[in-house]
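First comes the structure, then the notes that go with it.
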Amino acid sequence: MSMVEAKQGGLLDSVRSSSWQSRIAVAVVAVLVVVLLFQAAQDPAQFVSQLLVGITNGAIIALIALGYTLVYGIVELINFAHGDNFMLGSFVGLTVLSGTFLGLGFFAPIGGDSGAALQIVGVVFALVAAMAICGLINVGIERIAYKPLRNAPRLAVLITAIGMSFILQNIGLVWKGASQIPFPSLIPDGNALGAFTDALVYRWKDLFIILVTIPLLLALSYFVQRTKQGKAMRAVAQDKEAAAMMGINVDRTIAVTFLLGGILAGAAGVMFGLFNGTTVFNVGFRQGLFAFTAAVLGGIGNLTGAVVGGILIGVIGAMSDQYVGVRWTEIMIFTVLILVLVFRPQGLLGDRSSVQGGGGERT
Amino acid sequence: MSRRRRKMGMLAVLGIASALMIAGCGGGGQGEGEEGGDQPTVTIVSDLPLQGSSRPQNETIVNAIKLALEQRDNMAGDVRVNYTSQDNATAQAGQWDEAKCAENAQTAAQDEEIVAWIGPFNSGCAAVEIPILNEAGLGMVSPANTLLGLTKPSPDPTEPDKYYPTGERNYLRVIPADDKQGRAGALWLDDEGVESVFIIDDRQVYGQGLADQFEQNAEELGIEVLGREGIDGTASNYRSLMTRIADEQPDAIYYGGITQNNAGQLIRDKVSIVGDNEEVIFMGPDGIFEEAFLEAAGESAEGAYVTFGGLPPEKLSEEGQAFVEEYRDTYGGDVEAYTAYGYEAANVVLDAIERAYDENGEVTREGVLEQLFATEDYEGVLGTWSFDEDGDTTLTELSGQRIEGGEFTFDRTIDISE
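Chains as they are written, first to last, in our numbering: chain A, 1 to 363; chain B, 1 to 418.
In structure tokens, the structure reads:
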């Protein structure tokens, strides 16, 4: 309660002391929001449809963004290989569903024609396998490429991360080839709201994304806030040396962080494939870029910020496709990013690692 | 005494060894001399994207060129012809790559042995290569570029002159250009009773140019154009674009672009949001007329309309059918849409080399280029046709395909001269 009051008091101060750039930024954002609301009032159904599309696309971006932000919160490293790990996640899911690995057929491919029970088992199995494998890949990358450089200049690790990104991308290229690969359609394409209304389309696929994303977010939040290992993570994020002195195993804590990031990337990869119906070896680059942008937008290191940033980017993209034009979508997304950063360099929710309690501004 | 004998023995061994070596060298020299002769030898190259999902289609074109050469025992009249296949795609891009196209063209420009160039496959690549090879005076015959502006005036006022810095033409193609394909698409939709259309392109040279031609022809035929958008080929999906198009309620959606710019995802989202291809027509050009599109699009491709700037293999002339059969016998697999065009391009080039040699007594780039443009009433696998002064074919028959049961099925011949 007192925090809210303090913030309100601070708001007037910050407006008074704000620079003219940030005032312009606020004015532009305000105009954009008003224009959007005006459009929404004209055709509410269309607006809501686009909002739903944006939220669903944003949810996948948010899951990837969490991986960037988790790792940044602990070791202050932008793990560029994360987006490509996400791509490998979708490939693992594809391989599991095809039932064939290294030329050995383990079971018949699970596709749209399989029984409903088998489809559900297939989806769960694919998700779990991708989460496990991507988690391990991420831990392996940390062990091989980042840990030996922990005391090296930060730029060295950054370059290593870019290198890992290329290596993973090329593994994907060798593994599945350069073409778009179709994903079996296991989630029905029908309207989940069909029983209630025809005006609004919300497919089972959209619902699936939200139904998987929310439990994952809750589980992550529980892990970080309530478990002993989560407490260790927060401690390491705050001060590595002090945490080590308190008897916390820093190496293991960092490995666990990478494991969590990889698990989320694996889940996002399979969800992406099932949702869109295709995947390709370089999908991680663009999705990774957007996810990274989302993490910065929300405040890098801040878990809630990553989710907010991801969904915001999804929604901005959808609104821009509808009201501005597809050619302008990327420009819109990055314009908003610049405006936000001009006004709040620490991101929307502040860049103080949420694993430290989150939300506050860096002092 | 004994020491002296040993010395002589060693000398003898050395003498025999050196004699053997000289004999060996002489033998080798003779062998090389035999191959020479005064038979002129030239090289032709093809330049096609051989990585990514364009690979299967372009491999058949390479095979077709090899077949054309084999049928003539690698001879164009009295001239021995070597063939090199170049790749203008990179694995990273998964499709043709501008830098690779430029690099290939520059390398070939330097190599005087090369007298003709078959390709490229993508119009965007041609736009990079033509100016480079124009300076080198190397004749090019493309089996697949359909962008209008490469040879004829287009909505861009700098086309086509910007491709020909020397002012001389060096580029020809055996496939009808997009003014014809755009018109064929519009005619077909008009025939189906379509009154409104939404146009999407892939922001590449070929896709945009084709969409321009289609837009112009659709308007001339009285089809209302509800909107035009350019998609990003690396976007994760196109759901918001399709949601917007659904709101416009067009009778048809036209996509100007290639498979490799995410056409599979595009039609998946189109079917999921706007409706299936019976309800709202989805039409695409020859850029998606390949197996790779069927694979990427899956069931969503069912019922889609695909125009092609020529005729499908099964509708070709008798010579065409003979080629298809011979190809199957030689390489096993089936031909793709452009295979016969690759074969025709190779034969046109080989005939031009033969005539150039007969006329001038030597084969130069200049002579071959002159003979290429002189190709008239050519009787090949595509029918009987000539090159006009811009290097375009005089063929006017295009075709419309529909996707049925996961396969391209010939629907109709569209004659745009009507």
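Built from N, CA and C at the ideal position, the CB exists for glycine as well.
Query	Result
Contact list for Leu173 of chain A against chain B, beta-carbon separation under 7 Å	Ala91
Unbroken stretches of the alpha helix (DSSP H), 4 residues or longer, contained in the segment 284 to 356 of chain B	291 to 297, 318 to 331
Gly261 of chain A beta carbon less than 7 Å from that of Gly89 of chain A	no
Ile175 of chain B and Thr146 of chain B closer than 7 Å at C-beta	yes
Whether Ala420 of chain B touches Val197 of chain B by CB criterion (7 Å)	Only positions 1 to 418 of chain B appear in this structure, which leaves residue 420 of chain B out of reach.
Within-7 Å CB hit, Gly167 of chain B to chain A	no
Chain-ordered chain A contacts of Val247 of chain B [CB-CB under 9 Å]	Correcting the residue type first, residue 247 of chain B is Asp in the shown sequence and not Val. Result: Asp43, Ala45, Gln46, Ser49, Gln322.
is_contact[Gln265 of chain B, chain A] using C-beta, thresh 7 Å	yes
Collapsed DSSP secondary structure at Arg412 of chain B in the structure displayed	strand
Where Thr365 of chain A falls: helix, strand or coil (DSSP)	Here chain A has residues from 1 to 363 only, and residue 365 of chain A is not among them.
Closest residue to Tyr357 of chain B among B:Asp78, B:Gly383, B:Ile114 (Cα-Cα distance)	B:Asp78
Listed by chain order, chain A residues near Asn262 of chain B by CB distance under 9 Å	Gln180, Thr278, Val280
Below-7 Å beta-carbon distance, Ala318 of chain A vs any chain B residue	yes
Contact list for Asn151 of chain A against chain B, beta-carbon separation under 7 Å	None at all; the shortest Cβ gap to chain B is about 33 Å.
Residue-chain proximity (Leu241 of chain B, chain A), Cβ-Cβ < 7 Å	yes
Beta-carbon neighbours of Val283 of chain A, restricted to chain B and to distances below 9 Å	Thr234, Ser236
First through last residue of the alpha helix (DSSP H) which encompasses Tyr72 of chain A	44 to 75
CB contact flag (Ala105 of chain B, Ile114 of chain B, <7 Å)	no
Straight-line Cα distance separating Val280 of chain B from Ile162 of chain A	44 Å
Per DSSP, the bridge partner or partners of Glu407 of chain B	B:Glu404
Exposure label - Ile300 of chain A; buried when at least 16 CB within 10 Å	buried
Straight-line gap, Gly36 of chain B to Asp286 of chain B (C-alpha atoms, nearest Å)	Because the pLDDT at Gly36 of chain B is just 47, under 50, the model does not fix this residue reliably, and the point stays unresolved.
Local Cβ density within 10 Å of Pro345 of chain A, reported as buried at 16 or more and exposed below that	exposed
Beta-carbon spacing of Ala211 of chain B, Asp201 of chain B below 7 Å	yes
Sub-7 Å separation of Ile273 of chain B and Thr243 of chain B beta-carbons	yes
Buried versus exposed call for Glu314 of chain B [16 or more other C-beta atoms within 10 Å across all chains shown]	exposed
Short Cβ contact (7 Å threshold) for Thr278 of chain A with Gln180 of chain A	yes
Chain B within 7 Å of Val53 of chain A, Cβ atoms only	yes
Cβ-based contacts, 8 Å cut-off: residues of the segment 218 to 233 of chain B near chain A	Glu229, Gly230, Ile231, Asp232
Chain-ordered neighbours of Gln444 of chain A on chain B, where CB pairs are closer than 8 Å	The structure shown does not extend to residue 444 of chain A, since chain A is modelled only from 1 through 363, so no value can be given for it.
Cβ shell of Phe80 of chain A (< 6 Å), same chain only, five flanking positions each side left out	Ala161, Ile162, Ser165
Through-space distance from Val53 of chain A to Leu241 of chain B, alpha-carbon basis	10 Å
Three CB pairs or more closer than 8 Å across the segment 159 to 179 of chain B and the segment 131 to 151 of chain B	yes
Residues of the segment 60 to 92 of chain B whose Cβ lies closer than 8 Å to any Cβ of chain A, in chain order	Ala91, Gln92
Partner residues on chain A for Gly124 of chain B, Cβ-Cβ distance less than 9 Å	The contacting residues do not exist; Gly124 of chain B stays about 17 Å from chain A at best.
Val326 of chain A versus Gly406 of chain B: straight-line alpha-carbon distance, rounded	30 Å
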